[in-house]
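A.B. asks: Protein chains in written order, with my numbering: chain G, 1 to 313; chain R, 1001 to 1306.
Quick reminder that beta carbons are idealized off the backbone N, C-alpha and C, glycines included.
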């Protein structure tokens, strides 16, 4: 077995023995799942379909949190040093972290999709391949972000602070919690610079409109290039020992990983394509709600995208 | 020189302005147990970690199993085994899993089951790492250093922090490896460990080798005298004590007078007479056969265990 395969196997096994993993990666996602689809989605298929995207995106994005914590603990406790004196390379260790994360995310995603179909009657899950491509691309890119966080922080405390600082904007400005269409205009503008926004929207388009993977090439291409950049960066920044300093040159590279979404953000802010799509998806769900149970429409004032098609009255 | 498996010449390592290793040179022959003995912070771990390929050196020449750890660290790691200082394994990894996992990284492997038996860990086979005692963790660390049947073993402070009984257990394990003619480079700050386990010892202080040879050679070089340590109720002049019968050297260390004598009985008799005449009293008296500690005291004026 290659070093990479042995390490992946070990990481999966260790995660399954970890109570924190059980809570954050299995219990929490299902709390979100039932809360979003059942409560916010009003348990109607259209609502469940609308909120399934954010739920899957949260699942996928959460991967950076546990991963950064694990690597920092391994480094603080001297576990990484033990691997360093063996023929294990940094790339084996980092790639196995990412792949183990993906393997651990998939069963939850599969179960959520099954429950969405069976309990909430979401019938538009035709493009399963597309959903899994997004899960894979999303997990790999956010897991790589976790590896970078682990490298730029020195202690667990620093790691948790940085995780919070990244996590909160990711979930609140991207449509992963409140629908993007609901957010104030200026927040929508900022959200267009976040990878999370594209992940949420791509999930929603694939689930609600059965969009093909090819049709979501902008989001996927940016997430893939972001994943490659962050993974490459995590290799540059990787430290086996707590006392090793990060080279200044490598710190500058952190900025480089922002490039894909800065470019995409500028482009999308000009075209408003994503905002229109998310507005339309949200509008469609609201229309269904209106027709089923008048008066159930959410009452927050939505921010409106330029030229956004108004949902049919 | 015979068959040197490891050679170090003028090794230098700096951390910022601090020169931790200042021109260390030594070589290790195949089949010998070589010890780096010195106080904490003497530069032993830095030296060993450079040889293992974990740290880079600032200057000097190094050859380990015919390879340069800096340029060939990947190839080197297949040839060596190491038990590091301040290291751990994941808490929820089982003993047998740890051995299998690390064995899987190497081209050449030993049977993990056989290692469990050899290091007395069969009963702990399925235990999590977090459930092991300090001694068991250390035995596992030594077993893991052997998973690839290495040509050269590095043990960095293999018994640091262990209680005396567990320490002796580890000595037995290392002595067994020694009988198997394994080549071992170990660091320690315990005199007893170096004297009992090492064929040759380099005494290191402030990043320099201050003495090198077999424990017997080093002790003879220090004069082969008996050490008499006395505490007195009043201060004495070293010069007077040096004039006592049989005494070749007298020093004061932290309030204790350390006398080196070639004829201990005569020295004690003349010491007691001298003290009586001065109105001084003996508070305590200890007699020790020559050890590497004496070599260290003689060369540095300090005790090793500080």
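Quick one: which chain G residues come within Cβ less than 7 Å of residue 1092 of chain R?
C.D. replies: The contacting residues are 14, 17 and 18.
A.B. asks: Can you tell me where the beta strand (DSSP E) holding residue 1019 of chain R begins and where it ends?
C.D. replies: 1018-1029 is the extent of the beta strand (DSSP E) around residue 1019 of chain R.
A.B. asks: Going by C-alpha to C-alpha distance, which of R:1019, R:1149 and R:1137 sits closest to residue 1041 of chain R?
C.D. replies: If we check each option's Cα against that of residue 1041 of chain R, R:1019 comes out closest.
A.B. asks: Find the residues of chain R that neighbour residue 133 of chain G, judging by a C-beta separation of less than 7 Å, and give them in chain order.
C.D. replies: Those within 7 Å of residue 133 of chain G in chain R number zero; the least Cβ separation is about 31 Å.
A.B. asks: Report buried or exposed for residue 1295 of chain R, applying the criterion of at least 16 other Cβ atoms within 10 angstroms of its Cβ.
C.D. replies: Classification for residue 1295 of chain R: buried.
A.B. asks: Taking buried to mean at least 16 other C-beta atoms within 10 Å of its own C-beta, is residue 1094 of chain R buried or exposed?
C.D. replies: By the 10 Å Cβ count, residue 1094 of chain R comes out buried.
A.B. asks: Using 8 Å as the Cβ pair cut-off and three pairs as the minimum, do the stretch 1189-1198 of chain R and the stretch 1224-1238 of chain R touch?
C.D. replies: Flag = no, the stretch 1189-1198 of chain R and the stretch 1224-1238 of chain R do not touch.
A.B. asks: Distance check for residue 1191 of chain R and residue 1171 of chain R, CA to CA, integer angstroms please.
C.D. replies: About 13 Å.
A.B. asks: I want to verify the contact list: residues of chain R whose CB lies under 9 Å from the CB of residue 322 of chain G, in sequence order.
C.D. replies: Only positions 1 to 313 of chain G appear in this structure, which leaves residue 322 of chain G out of reach.
A.B. asks: Please identify the residue among G:16, G:221 and G:235 whose C-alpha is closest to the C-alpha of residue 138 of chain G.
C.D. replies: When only C-alpha atoms are compared, the closest one is G:221.
A.B. asks: Is residue 239 of chain G close to chain R, meaning its C-beta is less than 7 Å from at least one C-beta of that chain?
C.D. replies: For residue 239 of chain G, the answer is no, since every Cβ of chain R falls outside 7 Å of its Cβ.
A.B. asks: Using three-state DSSP, classify residue 1008 of chain R as helix, strand or coil.
C.D. replies: Note: residue 1008 of chain R maps to strand in three-state DSSP.
A.B. asks: Whole alpha helix (DSSP H) runs in the stretch 244-293 of chain G with 4 or more residues, listed along the chain?
C.D. replies: Fully enclosed alpha helix (DSSP H) runs of 4 or longer: 248-256, 259-271 and 273-292.
A.B. asks: Does the separation of the CB atoms of residue 1069 of chain R and residue 1053 of chain R fall below 7 Å?
C.D. replies: The answer is yes: Cβ separation under 7 Å.
A.B. asks: Let me know the alpha helix (DSSP H) ranges lying completely inside the stretch 1223-1284 of chain R, each 4 residues or longer, listed in chain order.
C.D. replies: Complete alpha helix (DSSP H) runs here, min 4: 1238-1242 and 1264-1278.
A.B. asks: Using 8 Å as the cut-off, can you tell me whether the stretch 104-124 of chain G makes contact with the stretch 77-96 of chain G, which would need three or more C-beta pairs spanning the two stretches below that distance?
C.D. replies: Result no; under three Cβ-Cβ pairs closer than 8 Å.
A.B. asks: Going along chain G, which residues have a C-beta under 7 Å from residue 1013 of chain R?
C.D. replies: Under the 7 Å cutoff, chain G gives no residues; its nearest Cβ is about 13 Å from residue 1013 of chain R.
A.B. asks: Tell me whether residue 302 of chain G sits in a helix, a strand or coil according to DSSP, three-state version.
C.D. replies: Interpretation of residue 302 of chain G is limited by its pLDDT of 48, a score under 50 that renders its predicted location unreliable; the figure taken from the coordinates is listed afterwards. In this structure, residue 302 of chain G counts as coil in the three-state DSSP scheme.
A.B. asks: Just reading off the beta strand (DSSP E) that residue 1178 of chain R is part of, what are its end residues?
C.D. replies: Per DSSP, residue 1178 of chain R belongs to no beta strand (DSSP E); it is in the alpha helix (DSSP H), 1164-1179.
A.B. asks: Taking residue 1074 of chain R as the query, report the chain B residues whose CB atoms sit under 7 Å from its CB, ordered along the chain.
C.D. replies: No chain B is present in this structure, whose protein chains are G and R.
A.B. asks: To the nearest angstrom, report how far apart residue 1254 of chain R and residue 1183 of chain R are at their CA atoms.
C.D. replies: For residue 1254 of chain R and residue 1183 of chain R, the distance between alpha carbons rounds to 38 Å.
A.B. asks: Residue 313 of chain G CB to nearest chain R CB: under 7 Å?
C.D. replies: Residue placement at residue 313 of chain G is flagged as unreliable, the pLDDT there being 39, under the threshold of 50; the coordinate-derived value follows with that caveat. Closer than 7 Å: no.
A.B. asks: Under 7 Å Cβ-Cβ, which residues of chain G neighbour residue 1052 of chain R?
C.D. replies: Per Cβ cutoff of 7 Å: 85.
A.B. asks: Taking 6 Å as the limit between beta carbons, can you name the residues of its chain near residue 213 of chain G, skipping five residues before and five after?
C.D. replies: The answer, listed in chain order, is 130 and 133.
A.B. asks: Quick check on the burial criterion: 16 or more other C-beta atoms within 10 angstroms. Buried or exposed for residue 1164 of chain R?
C.D. replies: Counting Cβ neighbours within 10 Å, residue 1164 of chain R comes out exposed, since fewer than 16 surround it.
A.B. asks: Spell out whether any CB of chain G is found under 7 Å from the CB atom of residue 1078 of chain R.
C.D. replies: Yes, contact with chain G.
A.B. asks: Taking 7 Å as the CB-CB limit, is residue 1101 of chain R close to chain G?
C.D. replies: For residue 1101 of chain R, the answer is yes, since a Cβ of chain G falls inside 7 Å of its Cβ.
A.B. asks: In three-state terms, what does DSSP make of residue 73 of chain G?
C.D. replies: If DSSP states are grouped into helix, strand and coil, residue 73 of chain G belongs with the helices.
A.B. asks: Between residue 40 of chain G and the rest of its own chain, which residues show a CB-CB distance below 8 Å, the 5 nearest in sequence each way excluded?
C.D. replies: So the list reads 47 and 51, once near-sequence residues are dropped.
A.B. asks: Output, in chain order, the set of chain G residues within a Cβ distance shorter than 7 Å of residue 1084 of chain R.
C.D. replies: Result: 81, 82 and 85.
A.B. asks: Specify whether the stretch 1001-1014 of chain R and the stretch 1055-1063 of chain R touch according to this definition: at least 3 beta carbon pairs, one from each stretch, less than 8 Å apart.
C.D. replies: Yes, the stretch 1001-1014 of chain R touches the stretch 1055-1063 of chain R.
A.B. asks: Look at the alpha carbon of residue 182 of chain G and the alpha carbon of residue 19 of chain G, and state the distance between them as a whole number of angstroms.
C.D. replies: C-alpha separation (whole angstroms): 36 Å.
A.B. asks: Which residues in chain G sit within 8 Å of residue 1089 of chain R, going by Cβ to Cβ distance?
C.D. replies: What residue 1089 of chain R touches in chain G: 79 and 82.
A.B. asks: Reducing DSSP to helix, strand and coil, say where residue 1308 of chain R ends up.
C.D. replies: Residue 1308 of chain R is absent from the structure shown; chain R starts at 1001 and stops at 1306.
A.B. asks: Check whether the Cβ of residue 156 of chain G lies closer than 7 Å to any Cβ atom in chain R.
C.D. replies: With 7 Å as the cut-off, residue 156 of chain G does not count as an interface residue toward chain R.
A.B. asks: For residue 1088 of chain R, does the three-state DSSP call read helix, strand or coil?
C.D. replies: Note: residue 1088 of chain R maps to coil in three-state DSSP.
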